[in-house]
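J.: My structure is below; once you've seen it, I'll send some questions.
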Amino acid sequence: MRQVRTAPVGGARPSTAGALLELEDLVVELPVEGEDRRVLSDISLRIRAGEAVGLVGESGSGKSMTARAIDRLLPDGARVGGSIRFDGRDVMAMSGADLRRFRGEVAMIFQDPRAHTNPVRRIGDFMTEALRTNARVPGRDAEQRAIELLGAVGIPDGRRRLAQYPHELSGGLLQRVMIAAALLTQPRLLLADEPTTAVDVTTQAEVMAILDELRRELGLAMLFITHDLELAAAVCDRTIVMYAGQVVEVRSSALLHTDPLHPYTAALAAARPDIASTADRLRAIPGRPLSAFEAPPDECAFAPRCPHVRDVCREARPPLIDLDGGSSRCVRAEELRGTLGVTGG
Amino acid sequence: MRLRFFLRRLVMLIATLLVSSLVIFSALYIAPGNPIATLSGGRSLPPESVKILEARYHLNEPFLAQYGLWLRNALHGDFGISITLRENVSTLIVSRVGTTAALVLYASVLILVIGIGLGLLSGLKHGPADTSVLVLTAVSAAIPAFVAAIVLMLLFAVKLGWFPTLGNGQGVLGTIRYLTLPAFALAISSLAIVARVTRAAVREEFRREHVQTAISRGIPYRQMVFRHVLRNAAIPITTISGITVASLIAVAAVVERAFGLNGLGAYLVAAAASKDFAVVQGISLVLVTAFVFVNVLVDVLYAALDPRVSLGARAQ
Amino acid sequence: MSTVPVEHAPEPPADVAVATVHRGPWAFVRATGAAGMASALVIVVATFVAVVGPVLAPEDPSFAQLSYSYVGPIGGHPLGFDGQGRDVLSRLLVGARTSMLGPMAVVIICVGVGTLLAVSAAWRRGAYDAVVSSGLDILFAFPGILLAILAATVFGAGLVAASLALAVAYTPYVARVLRGAALRERSQQYVAALEVQGASAFSICVRHLIPNMLPLIVAQATILFGYAMVDLAAISFLGLGVQPPRPDWGVMVSENQSGVVQGYPLAALAAGVCIVVVVVAFNILGERLYEQAQAERR
Chain A
100 MRQVRTAPVG
110 GARPSTAGAL
120 LELEDLVVEL
130 PVEGEDRRVL
140 SDISLRIRAG
150 EAVGLVGESG
160 SGKSMTARAI
170 DRLLPDGARV
180 GGSIRFDGRD
190 VMAMSGADLR
200 RFRGEVAMIF
210 QDPRAHTNPV
220 RRIGDFMTEA
230 LRTNARVPGR
240 DAEQRAIELL
250 GAVGIPDGRR
260 RLAQYPHELS
270 GGLLQRVMIA
280 AALLTQPRLL
290 LADEPTTAVD
300 VTTQAEVMAI
310 LDELRRELGL
320 AMLFITHDLE
330 LAAAVCDRTI
340 VMYAGQVVEV
350 RSSALLHTDP
360 LHPYTAALAA
370 ARPDIASTAD
380 RLRAIPGRPL
390 SAFEAPPDEC
400 AFAPRCPHVR
410 DVCREARPPL
420 IDLDGGSSRC
430 VRAEELRGTL
440 GVTGG
Chain E
636 MRLRFFLRRL
646 VMLIATLLVS
656 SLVIFSALYI
666 APGNPIATLS
676 GGRSLPPESV
686 KILEARYHLN
696 EPFLAQYGLW
706 LRNALHGDFG
716 ISITLRENVS
726 TLIVSRVGTT
736 AALVLYASVL
746 ILVIGIGLGL
756 LSGLKHGPAD
766 TSVLVLTAVS
776 AAIPAFVAAI
786 VLMLLFAVKL
796 GWFPTLGNGQ
806 GVLGTIRYLT
816 LPAFALAISS
826 LAIVARVTRA
836 AVREEFRREH
846 VQTAISRGIP
856 YRQMVFRHVL
866 RNAAIPITTI
876 SGITVASLIA
886 VAAVVERAFG
896 LNGLGAYLVA
906 AAASKDFAVV
916 QGISLVLVTA
926 FVFVNVLVDV
936 LYAALDPRVS
946 LGARAQ
Chain R
69 MSTVPVEHAP
79 EPPADVAVAT
89 VHRGPWAFVR
99 ATGAAGMASA
109 LVIVVATFVA
119 VVGPVLAPED
129 PSFAQLSYSY
139 VGPIGGHPLG
149 FDGQGRDVLS
159 RLLVGARTSM
169 LGPMAVVIIC
179 VGVGTLLAVS
189 AAWRRGAYDA
199 VVSSGLDILF
209 AFPGILLAIL
219 AATVFGAGLV
229 AASLALAVAY
239 TPYVARVLRG
249 AALRERSQQY
259 VAALEVQGAS
269 AFSICVRHLI
279 PNMLPLIVAQ
289 ATILFGYAMV
299 DLAAISFLGL
309 GVQPPRPDWG
319 VMVSENQSGV
329 VQGYPLAALA
339 AGVCIVVVVV
349 AFNILGERLY
359 EQAQAERR
């Protein structure tokens, strides 16, 4: 990956002492058909130790890409600007043993467990691989730990499971195995990339419950990526909303519905059908979500679809401004304060 | 699960053997004219010879009984007598099977070592190594064995004189020397195919998500390549290698002919031209059996490599 | 049947099942890239020569002057003479006919029968499919050359017997591949929609299933042509296919092999090169078409 040093955009940030993970003005461009396409623009976020932060957005918003950037999983040829710091260390500059240690401290849980497990290796092999290779833990001990963690995620007959192959387990079971495997290296940060999207709704609830409980028990920080605003709000203390490769809002989850700071968040929340009420039509956001490279650089990316758009929105790309403990990338945020919330019905 | 797969495949392959042997056997009857005329190759025979033929081939018995008897004899190594050479077909086969077996083995080694080697090289590395392998294999894959034979003969035997053109050698070293050009001629196009498939398999595995998982856990590159990319790619590589090696058994005839080797294939062709039925049937049966045997071997390997095998077919 | 070039076809709304989208054949070939187009050109030239070869040949291909045996290129004979003193170029041009005709017959039979078996098995499923599939599995990959040698023994050497034998040997493979594709097509939603509307099985298969499988069928046929050409040339080389003195590229290689050993390789090589060039063209085009067919499926 090549590095592109760009000047930070926006105002100075307050001191970030104590942050476990810190992204500052992260920019990512991917080569597509010969040209570089921007996928992430000026992403800045902070996660403290033990904190659960949700990252919400539609397809193409860049949320998965953010997680991949953090975990150094970007495809070859990706250009990265800005900085990613983990516990004060520069992630982009890591290599060799440092990088491996970092990978042990940050664990990623992927969306489709079946695609992300090697079908010709046993579960036990899959789970203990990292421990045996990097931490040089003897096989037997690693297996013992794996069995314990399997128990923690609600899989009782661990020893039998270790000998099985992925195709013998259901999707939900496999996802739990993946969570257990992620926790095996005792990470300090969990990157959960839509861990429940590929499983059915009932299993979704179980998996979320396990994830939430274990996280709290072990005091792990978590970046929880999802397209489901409600889910993020339920599990995370803070929620970050992304659109067109940019952060558009950062808000504590409790206030997200009642007092959002950005029209997009409000629209997302309103678009979710409410089982308790009846309506003639579903409230959809007109138009379609943009990817970062489609967003014009000199206006608000959400302007074409925003019900509150004014001329000022088209003059320049709005900066991320702090407001009432959160942040918003809406020029009119102060003005619209209090009017965006979804009250009942 | 894997055992069931293997057993089913075994049953299928035995069925293949039976059906093939039936086809080979019935050739005698499909031929225009009556069996006696066919067996004698159109030559006219004295009545005593006709009686002998009738008795030997049980021509007065029902078809299936004849088939059964023929098969039973074949299983005991009795393939009848060659009309043209007036010797036991089995003796003739035994004296020639060594050459063919050595040739096929030699070519197989070349295919596996060079083919898979090139495929791995171009699959794992990008850039000029990869491009040159791609171009090379695209052309080689289209070179039929007999054309390759001519070219190799021209270059290495006639022009450079490194190898002899025709004939068989004596002893181990002599045999290797005489068989080198034929083995290469036989191997070239299969080698190219194996290389291409290997490359494709390796590239494909690299793109799989489970490789991402391994990377995200900090598994070192070399280990990741061995345990996740190559180990998985071994499945399609084994399949294609098996198919190409099995196909060598038939194409060997062409190469033996071109280089004047006294193998089974060359003899088969000569017998076909002179309509020596017993020989053709005998050698065909031996070759088909060898073919089926190689397929069984491939299935065993496949079942060992892939725990997902389902009944009936090898997973795509 | 009118074809709408895909650039102008309106995008169907996402919730409507698309039955059959026809794309012009020219656009299809054009999408195979430079290598694919070059291969297509070679194939067109070869086919042209196969058809009008005898007219193009400067000399009589069977006119032999033994005193000119293996003489190299001289005026009016750019490729020299073969072992029997016949003009090589003329023999190549005329030989293209049998060299291309044989594989064509093989491919037509294989693909025809294979499609029939595949589509019928995929449609009817049940016992019929089980029997057909097992049958195909049993005969799968039986070496074509072996069957051709057997056929030559039974029926005597000749192009017809060899071609038929190869067709029989290849059909299980083709049917297997097409059956997979047919099964996929059959499970598409538009098929169920058409069934509900009362369309007959025959019309669905013929007017929708097969046309949608066409890219794959064409790709498979192209690749198969290459294999058939190699195998048939080999059989002719063995003396069990096209019989000398008829000019055929495979036969020419075998006839002039003695020239190679004596140091006059041109005649044999020229025939060999013709074979390789045409087979490479079919392989490349076939591979590209196959990729196209896969891509279109998504």
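Those protein sequences? They're chains A, E and R, same order as listed.
In terms of the numbering used here, the first sequence opens at residue 100 and continues consecutively.
In terms of the numbering used here, the second sequence opens at residue 636 and continues consecutively.
In terms of the numbering used here, the third sequence opens at residue 69 and continues consecutively.
Cβ atoms here follow ideal geometry from the backbone N, Cα and C, with glycine treated the same way.
All values derive from a computational prediction rather than experimental measurement.
1) Quick one: grab the DSSP three-state call for Leu652/E.
2) Please report the straight-line C-alpha distance between Ala363/R and Gly424/A, rounded to a whole angstrom.
3) Based on DSSP bridge pairs, tell me the residues matched to Ala151/A.
4) Pull up the distance between the alpha-carbon of Met168/R and that of Gly307/R, whole angstroms please.
5) Confirm, please, whether the CB-CB distance from Ala233/R to Ala219/R is below 8 Å.
6) Work out the CA separation of Ala234/A and Ala85/R for me, nearest whole Å.
7) When the Cβ atoms of the stretch 847-854 of chain E are set against those of the stretch 769-778 of chain E, are three or more pairs found closer than 8 Å?
8) Quick one: is Leu946/E near chain A, going by C-beta distance under 8 Å?
9) Could you check which residue in Ala103/R, Ile111/R, Met105/R, Ala106/R has the C-alpha nearest to that of Gly294/R?
10) Which two residues bound the contiguous beta strand (DSSP E) that contains Ser182/A?
11) Mind checking whether Asp135/A and Arg178/A have CB atoms under 8 Å apart?
12) For Met207/A, which beta-bridge partners are listed by DSSP?
13) Take the Cβ of Asp316/R as the centre, count every other Cβ of all protein chains shown within 10 Å, and call the residue buried at 16 or more, exposed below.
14) Alpha carbon to alpha carbon, what distance is there between Leu694/E and Leu821/E?
15) Are Ala287/R and Ala361/R closer than 8 Å when you measure CB to CB?
16) In chain A, what lies closer than 7 Å to Ser851/E by C-beta?
17) Chain A partners of Leu940/E, CB-CB under 8 Å?
18) Find the residues of chain R that neighbour Ser919/E, judging by a C-beta separation of less than 7 Å, and give them in chain order.
19) Could you give the first and the last residue of the continuous beta strand (DSSP E) run that contains Leu120/A?
20) Counting only Cβ-Cβ distances shorter than 7 Å, please list the residues of the stretch 741-759 of chain E near chain R, keeping chain order.
21) Since Ile716/E sits in a beta bridge, which residues does DSSP pair it with?
22) May I have the straight-line CA-CA distance separating Gln133/R from Gly309/R, to the nearest angstrom?
23) Tell me whether Thr338/A sits in a helix, a strand or coil according to DSSP, three-state version.
24) Near Gly161/A, which residues of its chain fall below 7 Å by C-beta distance, leaving aside the five closest residues on each side in sequence?
25) In chain R, what lies closer than 9 Å to Leu922/E by C-beta?
26) State the Cα-Cα distance for the pair Val264/R and Leu277/R, rounded to the nearest angstrom.
27) With a cut-off of 8 Å on the beta carbons, I'd call Ala335/R and Leu251/R a contact; round off their distance for me.
28) Is the beta carbon of Ser352/A closer than 8 Å to that of Thr364/A?
29) In the structure shown, what three-state DSSP assignment does His326/A receive?
30) With DSSP collapsed to three states, give me the class of Gly425/A.
31) Quick one: residues in its chain with C-beta nearer than 8 Å to the C-beta of Ala415/A, no 5 flanking neighbours on either side, listed in chain order?
32) Taking Pro779/E as the query, report the chain R residues whose CB atoms sit under 7 Å from its CB, ordered along the chain.
33) In terms of alpha-carbon separation, which member of Gln916/E, Ile828/E, Thr815/E, Arg842/E lies closest to Ala737/E?
34) Would a C-beta distance cut-off of 8 Å place Leu663/E and Tyr902/E closer than the cut-off?
35) Report the residues of the stretch 241-267 of chain A with a CB closer than 8 Å to any CB of chain E, ordered along the chain.
36) Check distances from the C-beta atoms of the stretch 319-343 of chain A to those of chain E and list, in chain order, the residues that come in under 9 Å.
T.: In this structure, then:
1) Position 17 of the second sequence, counted from the start, is the residue given in the question as residue 652/E. Looking at Leu652/E - three-state DSSP - the assignment turns out to be helix.
2) The residue given as residue 363/R occupies position 295 in the third sequence. The residue given as residue 424/A occupies position 325 in the first sequence. Linking Ala363/R to Gly424/A through their CA atoms gives a straight-line distance of about 50 Å.
3) Taking the first residue of the first sequence as position 1, residue 151/A is located at position 52. Bridge partners of Ala151/A: Met321/A.
4) As a first step, residue 168/R is located in the third sequence; it is residue number 100 there, counting from the start. As a first step, residue 307/R is located in the third sequence; it is residue number 239 there, counting from the start. Using only the alpha carbons, I get a separation of about 18 Å.
5) Taking the third sequence and counting its residues from 1, the one referred to as residue 219/R is at position 151. Taking the third sequence and counting its residues from 1, the one referred to as residue 233/R is at position 165. Yes, the Cβ-Cβ distance between Ala219/R and Ala233/R is below 8 Å.
6) Looking up residue 85/R in the third sequence gives position 17. Looking up residue 234/A in the first sequence gives position 135. Note on Ala85/R: pLDDT 37, under 50, position unreliable in the model; the coordinate value appears next. If you take the alpha carbons of Ala85/R and Ala234/A, they lie about 53 Å apart.
7) no
8) By 1-based counting over the second sequence, the position of residue 946/E is 311. Confidence is the limiting factor: at Leu946/E the pLDDT is only 45, short of 50, which leaves the residue's position unreliable, though a coordinate-based value still follows. Not one chain A Cβ lies under 8 Å of Leu946/E.
9) For the purposes of this step, residue 294/R is identified with residue 226 of the third sequence, where counting begins at 1. Out of Ala103/R, Ile111/R, Met105/R, Ala106/R, Ile111/R has the C-alpha closest to the C-alpha of Gly294/R.
10) Working through the first sequence from its first residue, we reach residue 182/A at position 83. Per DSSP, Ser182/A is one residue of the beta strand (DSSP E) stretching across 178-185.
11) If you number the first sequence from 1, residue 135/A lands on position 36. If you number the first sequence from 1, residue 178/A lands on position 79. Contact flag set, yes.
12) Counting from one through the first sequence, the residue named residue 207/A turns up at place 108. Partner(s): Leu290/A.
13) The count along the third sequence starts at 1 and reaches residue 316/R at position 248. By the neighbour-count rule (16 or more Cβ atoms within 10 Å), Asp316/R is buried.
14) On the second sequence, position 186 is the one that residue 821/E refers to. On the second sequence, position 59 is the one that residue 694/E refers to. Cα-Cα distance, rounded: 40 Å.
15) Here residue 287/R refers to the residue found at position 219 of the third sequence. Here residue 361/R refers to the residue found at position 293 of the third sequence. Yes, these two residues count as a Cβ contact at 8 Å.
16) Translated into positions along the second sequence, residue 851/E becomes position 216. Within 7 Å Cβ-Cβ: Asp170, Leu172, Arg202, Met207.
17) Position 305 of the second sequence, counted from the start, is the residue given in the question as residue 940/E. Simply Val219.
18) As a working note, residue 919/E is residue 284 in the second sequence. The answer, in chain order, is Leu214, Leu218.
19) Numbered from 1 along the first sequence, position 21 holds the residue referred to as residue 120/A. According to the DSSP assignment, Leu120/A belongs to the beta strand (DSSP E) that extends over 118-131.
20) none
21) Locating residue 716/E in the second sequence gives position 81, where the first residue counts as 1. Answer by DSSP bridge pairing, in chain order: Asn723/E.
22) Numbered from its first residue, the third sequence carries residue 133/R at position 65. Numbered from its first residue, the third sequence carries residue 309/R at position 241. Their Cα atoms are separated by approximately 25 Å.
23) As a working note, residue 338/A is residue 239 in the first sequence. It is a strand residue.
24) Within the first sequence, residue 161/A is the residue found at index 62, counting from 1. The beta carbon of Gly161/A is closer than 7 Å to those of Val138, Leu139, Met341, Gly344, Ala391 in its chain, skipping five residues each way along the sequence.
25) Here residue 922/E corresponds to residue number 287 of the second sequence, with the count starting at 1. What Leu922/E touches in chain R: Pro211, Leu214.
26) Locating residue 264/R in the third sequence gives position 196, counting from the first residue. Locating residue 277/R in the third sequence gives position 209, counting from the first residue. Near 16 Å, if we compare the C-alpha coordinates of Leu277/R and Val264/R.
27) Stepping through the third sequence from its first residue, residue 335/R is reached at position 267. Stepping through the third sequence from its first residue, residue 251/R is reached at position 183. Rounded, the Cβ-Cβ distance is 49 Å, inconsistent with contact.
28) Residue mapping note: residue 364/A aligns to position 265 of the first sequence, counting from 1. Residue mapping note: residue 352/A aligns to position 253 of the first sequence, counting from 1. Against a cut-off of 8 Å, the Cβ pair of Ser352/A and Thr364/A comes out as no contact.
29) Indexing the first sequence from 1 puts residue 326/A at position 227. In this structure, His326/A counts as coil in the three-state DSSP scheme.
30) As a first step, residue 425/A is located in the first sequence; it is residue number 326 there, counting from the start. Three-state result, Gly425/A: strand.
31) For the purposes of this step, residue 415/A is identified with residue 316 of the first sequence, where counting begins at 1. Once the five neighbours on either side are set aside, the close Cβ partners of Ala415/A are Asp397, Glu398.
32) Here residue 779/E refers to the residue found at position 144 of the second sequence. Ordered by position in chain R, the residues that pass the 7 Å Cβ test against Pro779/E are Val298, Ala301, Ala302, Ile343.
33) Looking up residue 737/E in the second sequence gives position 102. Of the candidates Gln916/E, Ile828/E, Thr815/E, Arg842/E, Thr815/E places its Cα closest to the Cα of Ala737/E.
34) Here residue 663/E refers to the residue found at position 28 of the second sequence. Here residue 902/E refers to the residue found at position 267 of the second sequence. It is not a contact, given that the beta carbons lie outside the stated cut-off.
35) Tyr264, His266
36) none
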